[in-house]
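Here's the structure, in structure tokens; my notes come after.
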Amino acid sequence: MQKIRPAFVFDENLNASFLEELFEGDTIYAETVFEDFLKDLPEYWARVETAYDNKNLPTLGTSVHTCKTLFGYVGFTDLQELCQQFENRCSVNNAEELRVDYILLIQRKEKAQHIIEKEYARLRIFNAEKD
Amino acid sequence: MKISCIIVEDIQIAADFLRKFCEKSDLVEVKGHFMNVADALEFLDRERVDLLFLDVEMPGANGFDLLDRLTYSPKIILTTSKTEYAFNAFQYHVDDYLKKPFTYKRFMEAIEKLRQQQAAESSPTTTFSVPQPDNDFLFIKSEDKLIKLKKDDILFLESMRDYVKFVTAGKSYVTYSTLKNMEEKLIGQTFLKVHRSYIVNINKIDDIRGNTIYVLGNQIPIGKGHKEDLATRLNIL
């Protein structure tokens, strides 16, 4: 009798129902997207850091906007909201006023990156076992 | 026949998703992916497509800058993660607005809507010219009536998504059609498309200030991509 393989369950920190709708059970593609996320995020985040260090708030807003989009594709809908708030504040606050929120954003980004690293590893194992 | 499109998007993951959705649908053919407005415009100068998937926020020029420079009117689907652009999207008469990240289901809703619009556009139009020797008037269907309009009385036409507003000195008429249809019927000696959403009767222009045409108290924007054509057609001394 053939064993029924359970579906991949995303980490509880991610918006699992949205990811299921986005990937429609295609865990191979999910693996690709998570891999791309881990590859792209450092490059995009470097732009955030440079803009903050240079106190270039319009570029800071645009760079956070890009990261926000990336976070969405791996299911961090709550982090997207935080990015949106930060992005909005870039047009009304100065760099010093944004410092506390910026530190919070860095912490959340680090945590997110760590979760996706783990999810990517789990997806690789899951897909390898499928073959 | 498939809908031909290009993707203008600076985030690779977002572009990859879009390409995958297009392929999966088997209804949309991707002719190219461009990471910025300049590259997309260079392509669009050489080749025409039915549809643009257009991101708004990109390095350098943004998506609305591209719309200002377009010299023809493909269908536009904005793809952005910022809802604040909805008002601009409405002003630019974009055909749909996909908030990133979006699912295949939402993508297909947009494509189906577009296909319905295309079907409506290719069906017999509600506006027709009477084959008179001078052919100086046309009939438009508005409010369940066929209204005779002298071409010379029309000040300008404004796109209102699936409708077109004909503005004369005394009254406006709205008919179910598209500016693209009207463009084919009217463009010639007197009428000129000056913006993605406007065709103006050159004889009725009072003056032009900056990027705005003034016609009997009405202000009509001039799209960047239409400036050269307008300058050529006006008898500037």
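Protein chains in written order, with the numbering used here: chain B, 1353 to 1483; chain R, 12 to 248. We put the beta carbon where it would ideally sit given N, CA and C, even for glycine. All of these numbers come straight from a predicted model, not from anything done at the bench.
> Quick one: what does DSSP say R/Met171 is sitting in, helix, strand or coil?
Replying inline: strand
>> Ignoring anything shorter than 3 residues, give me the beta strand (DSSP E) runs that lie fully in the stretch 79-117 of chain R, in order along the chain.
In response: 86-91, 107-110
> Exposed or buried, which one is B/Glu1383 when buried takes at least 16 other CB atoms within 10 Å?
Replying inline: buried
> What three-state label does DSSP hand B/Leu1440 in the structure shown?
Replying inline: With the sequence shown as reference, residue 1440 of chain B is identified as Asn, and Leu is not the correct amino acid for it. DSSP, read as helix, strand or coil, puts B/Asn1440 in helix.
> If the cut is a Cβ gap below 7 Å, which residues of chain R does B/Gly1424 touch?
Replying inline: Ser92, Lys111, Pro112
>> Between R/Ile24 and chain B, is any beta-carbon pair separated by less than 8 Å?
In response: yes
> From B/Tyr1404 to R/Tyr174, what does the alpha carbon distance come to, in whole angstroms?
Replying inline: 47 Å
> When the Cβ atoms of the stretch 82-93 of chain R are set against those of the stretch 104-118 of chain R, are three or more pairs found closer than 8 Å?
Replying inline: yes
>> Once DSSP output is grouped into helix, strand and coil, what is the label at B/Leu1390?
In response: helix
>> Distance check for B/Glu1449 and B/Ser1443, CA to CA, integer angstroms please.
In response: Within the model, the alpha-carbon separation for B/Ser1443 versus B/Glu1449 is close to 12 Å.
> So with Cβ pairs under 8 Å, would you call R/Glu169 a contact of chain B?
Replying inline: no
> Which residues bound the beta strand (DSSP E) around R/Asn229?
Replying inline: For R/Asn229, the enclosing beta strand (DSSP E) covers residues 229-232.
> Anyone know if the C-beta pair for R/Asn212 and R/Ile158 falls short of 8 Å?
Replying inline: R/Asn212 is not a Cβ neighbour of R/Ile158, given a cutoff of 8 Å.
>> Suppose the cutoff is 6 Å on Cβ atoms and the five residues either side in sequence are ignored; what does the same chain contact list for R/His44 look like?
In response: Ile18, Ala26
>> Residues in the same chain with beta-carbon distance under 6 Å from R/Asp147, minus the five sequence neighbours each way, listed in chain order, please.
In response: Lys162
>> Can you check whether the C-beta of B/Glu1471 is within less than 8 Å of a C-beta belonging to chain R?
In response: no
> Mind listing which residues of the stretch 44-69 of chain R have their C-beta closer than 8 Å to chain B's C-betas, in chain order?
Replying inline: Listed by position, the residues of the stretch 44-69 of chain R near chain B (Cβ gap below 8 Å) are Glu68.
>> Under DSSP, the alpha helix (DSSP H) around R/Lys35 begins and ends at which residues?
In response: That run of the alpha helix (DSSP H) goes 23-36.
> Residues of chain R with a CB under 7 Å from the CB of B/Lys1420: which are they?
Replying inline: Ser92
> Short check: CB of B/Gly1427 to CB of B/Asn1367, under 8 Å?
Replying inline: Yes, the Cβ-Cβ distance between B/Gly1427 and B/Asn1367 is below 8 Å.
> B/Ala1447 to B/Asn1406, Cα distance in whole Å?
Replying inline: 9 Å
> Would you call the stretch 33-47 of chain R and the stretch 1391-1401 of chain B in contact, with 3 or more CB pairs under 8 Å?
Replying inline: no
> Between which two residues does the alpha helix (DSSP H) harbouring B/Ser1369 extend?
Replying inline: 1368-1375
> Which residues in chain A sit within 9 Å of B/Leu1431, going by Cβ to Cβ distance?
Replying inline: This model lacks chain A altogether, as its protein chains are B and R.
> Which residues in the same chain have their Cβ closer than 6 Å to the Cβ of R/Phe32, if we skip the five residues on either side of it in sequence?
Replying inline: Tyr115, Phe118, listed in sequence order.
>> Report the CB separation of R/Leu62 from R/Leu125 in whole angstroms; it is logged as a contact under 8 Å.
In response: 7 Å
> R/Phe202 bridges to which residues according to DSSP?
Replying inline: R/Ile198, R/Asn212
>> I'd like the list of long-range same chain contacts for B/Phe1375, defined as Cβ closer than 7 Å, with 5 residues on each side in sequence excluded.
In response: Within the same chain, B/Phe1375 has close Cβ partners Tyr1381, Ala1382.
> If you run the structure through DSSP and keep just helix, strand and coil, what is R/Thr179?
Replying inline: strand
>> Considering just the uninterrupted stretch of the alpha helix (DSSP H) at B/Gly1424, what are its terminal residues?
In response: Unbroken alpha helix (DSSP H) run through B/Gly1424: 1409-1425.
> Sorted by chain position, which residues of the same chain lie with C-beta nearer than 6 Å to R/Lys235's C-beta, five sequence neighbours on each side aside?
Replying inline: Asp79, Arg80
>> Please report the straight-line C-alpha distance between R/Tyr72 and R/Asn47, rounded to a whole angstrom.
In response: Checking the sequence shown, residue 72 of chain R turns out to be Ala, not Tyr. C-alpha separation (whole angstroms): 8 Å.
>> Determine whether the beta carbon atoms of R/Phe309 and R/Tyr103 lie at a separation below 8 Å.
In response: Summary: the structure shown does not reach residue 309 of chain R, with chain R confined to residues 12 through 248, and so no result is reported for it.
> Does DSSP classify B/Ile1468 as helix, strand or coil?
Replying inline: helix
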